[in-house]
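For the sequence shown, my numbering assigns the number 2 to the initial residue and increments by one for each residue that follows. Where is the CB? At the ideal position from N, CA and C, for every residue including glycine. For reference, the structure is listed below as structure tokens.
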Amino acid sequence: MPFRKIDGNGRPAPGRQTRYLFSIASLIVLITVGCGYGEVDPVTYQYARALCAACNLRDAARLETVATQIQAAVDRQELPSREAGWLNDIVSEARGGDWAAAEKSARRMIADQVHQLR
2 MPFRKIDGNG
12 RPAPGRQTRY
22 LFSIASLIVL
32 ITVGCGYGEV
42 DPVTYQYARA
52 LCAACNLRDA
62 ARLETVATQI
72 QAAVDRQELP
82 SREAGWLNDI
92 VSEARGGDWA
102 AAEKSARRMI
112 ADQVHQLR
């Protein structure tokens, strides 16, 4: 029988495999929960609000109007490319029929701005 390391409390110390599994579990939780959007440009915030409203109403025409406005803002370089990508991901979710997920994403972006103010 191999020797096991003992911690200061007389219990077996976590082995390499236990630490490895804990690391993997922590990584999975971090990926699943995510870190949020963080602070975004005021223009991005306004588009997130418009997307949230369009998704809440399940209004495809309104969604396309906002998507067109987002693209125009990108063309004018008024939106940071990373944030434009986030907005376009929300548009894609809604276009794919997952209005609830799209609305949730838009709400998360808006809520993250409130947390930044605290």
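If you count every other CB in all the chains shown that lies within 10 Å of the CB of residue i, and 16 or more means buried, which is it?
i, result
"residue 118", "At residue 118 the pLDDT is 48, less than 50, meaning the model places this residue with poor confidence and gives no usable figure here."
"residue 92", "buried"
"residue 45", "buried"
"residue 61", "exposed"
"residue 25", "exposed"
"residue 80", "buried"
"residue 106", "buried"
"residue 58", "exposed"
"residue 115", "exposed"
Assuming residue i and residue j form a contact by the criterion Cβ under 8 angstroms, report the distance between their Cβ atoms to the nearest whole angstrom.
i, j, result
"residue 56", "residue 100", "5 angstroms"
"residue 39", "residue 113", "6 angstroms"
"residue 53", "residue 84", "Between residue 84 and residue 53 the Cβ distance is about 15 angstroms, and since that is not below 8 angstroms, they are no contact."
Tell me where the alpha helix (DSSP H) around residue i begins and ends.
i, result
"residue 43", "43-58"
"residue 76", "61-76"
"residue 99", "First-last for residue 99: undefined, no H or E at that position."
Using only CA atoms, which one of the options lies nearest to residue i?
i, options, result
"residue 68", "43, 102, 49 and 110", "49"
"residue 66", "108, 95, 110 and 83", "95"
"residue 74", "43, 37 and 115", "43"
"residue 98", "51, 47, 64 and 41", "64"
Are there any heavy atoms of the ligand PLP lying less than 6 angstroms away from the beta-carbon of residue i, as far as the coordinates show?
i, result
"residue 113", "In terms of ligand content, the structure shown is empty, and the ligand PLP therefore cannot be addressed."
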